[in-house]
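S.K.: The sequence shown lines up with residues 0 to 400 when you count with numbering that gives the first Met the number 0. Note that beta-carbon positions come from the ideal geometry of N, C-alpha and C, so glycine has one too. What follows is a single structure, and I will ask about it in a moment.
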Amino acid sequence: MKWLADMHRASPDLASLRMGVKRLWCVFHPEAVHDLMVSHRADLRRWEPSLCIMRQWNGPSFMMKEGDAARRQRQVVRPHIQPPAAQEIQRIARHWSARLVPGQVVDLDLEMAAYSVTLAGHALFGVDLGPNAETIAKAVRILSRVALLETSTGLPLGHWFPSKMCPRKRWALRVMRSQIERVVKESARPVVMHRDDLATLLMASHQATGATLSWAQLLLARHPEVLAALRKELATIDWSGVTQLQDLRRAPLLRAVIQETLRLYPPAYALVPRQLSRAMTVAGTSFARGDIVMISSWITHRDARWFPEPDAFRPERFMQAATWPQGAYFPFGVGDRACPGTGMAMMDLAVSLAYWVEHWDMTILGPVTPQGWFSLRPRNARVRFEPRMRADCEPNETPRQ
0 MKWLADMHRA SPDLASLRMG VKRLWCVFHP EAVHDLMVSH RADLRRWEPS LCIMRQWNGP
60 SFMMKEGDAA RRQRQVVRPH IQPPAAQEIQ RIARHWSARL VPGQVVDLDL EMAAYSVTLA
120 GHALFGVDLG PNAETIAKAV RILSRVALLE TSTGLPLGHW FPSKMCPRKR WALRVMRSQI
180 ERVVKESARP VVMHRDDLAT LLMASHQATG ATLSWAQLLL ARHPEVLAAL RKELATIDWS
240 GVTQLQDLRR APLLRAVIQE TLRLYPPAYA LVPRQLSRAM TVAGTSFARG DIVMISSWIT
300 HRDARWFPEP DAFRPERFMQ AATWPQGAYF PFGVGDRACP GTGMAMMDLA VSLAYWVEHW
360 DMTILGPVTP QGWFSLRPRN ARVRFEPRMR ADCEPNETPR Q
């Protein structure tokens, strides 16, 4: 991420460099981001070397398709990734948090990743993944590291590029395939999606929901005044009436905390590079056929022109009318390739974060820094959870059956 930040400082709107006979453009300005990804979407294709690497674990899933094929497959997937009711998410959160030993030091990133995989297991298959959720989370964490290494070098790890990560990569791929087969067999409902689509959705839940829950709790722990205000708001919410995403309008600060977390720490901090199929002019700049375009939400989200005090955690900016232009905020992607599970992710994030902050106090045990693997994750997020006593409920009540 540092090289992107350096290029942005040198050239805040657009920067370019030569890659052999081709030119790589880093596009930072919102107008150019929107024009390229929305107005000119038909003239962009994801860069094939990146897709070759991603196909190793995504297979022929909807994420790998382009054009009409992508739209058709997304239509098949979308009905199966609808937001669950809040009470179901809370039930899973109660069951999961009952595992926690008060005062025990845990890896927050791994804890929230495994929890988010558990949520996805219930949503996609109607099954409890149990201890397998943590195994899947560890496998996806390894694949995320491998993806960064492979995309940086342009070479898949293996025979031609040996590395100490090779055995871990093989283990992670075996885990993903075997676990998908297992849960399909145990599924409480008919499974109509392709195995590769299911694997992609499980990994996406790990990357987006898990990472964002971790970052949100870390930010709230560092800003006790926001945490206190959020808990005050949550005390007024009747979760039994929250059955769809629109119902969360009654919790504006909760939504704002999540949106601000996604601004500061977008899960996909850089979109898959695109290659232009024809020459074009965008935002006054001429692009040649074959040029490669890279877009980074991490950089654009932290531009002071669109977000004053860009590195500060200020949820209130999302409780007012948006002052930033189109293309300045895109935590789940932009255009027709934006994440199809955004609604499900937002519901999972809102209800889960509400449960964790209402029932648990969290202490950070050391410095935490962003880690730019395939997704943006917290490094060294060692924390301690203690039950938060409330007058209206027990912190670790047994989940209702």
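1. Within this structure, are the beta carbons of S351 and L212 separated by less than 8 Å?
2. Three-state secondary structure (DSSP) at M279?
3. From R144 to W170, what distance separates their C-alpha atoms?
4. Helix, strand or coil for Q274 per DSSP?
5. At the level of alpha carbons, what is the spacing between P324 and P29?
6. I'd like to confirm the pairing. Which residues does DSSP put opposite S15 in its beta bridges?
7. Could you give the DSSP three-state label for S10: helix, strand or coil?
8. Measure how close the beta-carbons of F312 and L218 come, nearest whole angstrom, since I'm counting them as under 8 Å.
9. Which residues bound the beta strand (DSSP E) around G289?
10. Going along the chain, which residues of its own chain have a beta-carbon closer than 6 Å to the beta-carbon of R77, five neighbours each way excluded?
11. Rounded to whole angstroms, what's the CA-CA distance from Y354 to Q89? Just pull it up for me.
12. Give the secondary structure of E149 by DSSP, where H, G and I count as helix, E and B as strand, and everything else as coil.
13. So which of R173, M53, R45, E133 has the shortest CA-CA distance to E65?
14. Among S49, G120, H358, which residue has its Cα nearest to the Cα of Q216?
15. Classify M18 as buried or exposed, calling it buried when 16 or more other Cβ atoms lie within 10 Å of its own Cβ.
16. With three or more beta-carbon pairs closer than 8 Å as the criterion, would you say the stretch 198 to 206 touches the stretch 116 to 132?
17. Can you tell me whether C402 is buried or exposed? The criterion is at least 16 other CB atoms within 10 Å of its CB, across all chains shown.
18. Okay, do the stretch 129 to 143 and the stretch 111 to 120 touch, 3+ Cβ pairs below 8 Å being the bar?
19. Find out if the Cβ-Cβ distance for the pair M345, I236 is shorter than 8 Å.
M.R.: The relevant details are as follows:
1. yes
2. strand
3. 14 Å
4. strand
5. 7 Å
6. The partner list for S15 (beta bridge, DSSP) reads W24.
7. Residue state, collapsed to three classes: coil.
8. 5 Å
9. Where G289 is concerned, there is no enclosing beta strand (DSSP E), given that its DSSP letter is neither H nor E.
10. P339
11. 7 Å
12. helix
13. R45
14. H358
15. Note on M18: under 16 other CB atoms within 10 angstroms of its CB, so exposed under the neighbour-count rule.
16. yes
17. Any property of residue 402 remains undetermined from this structure, which presents the chain solely from 0 to 400.
18. yes
19. No. Outside cutoff.
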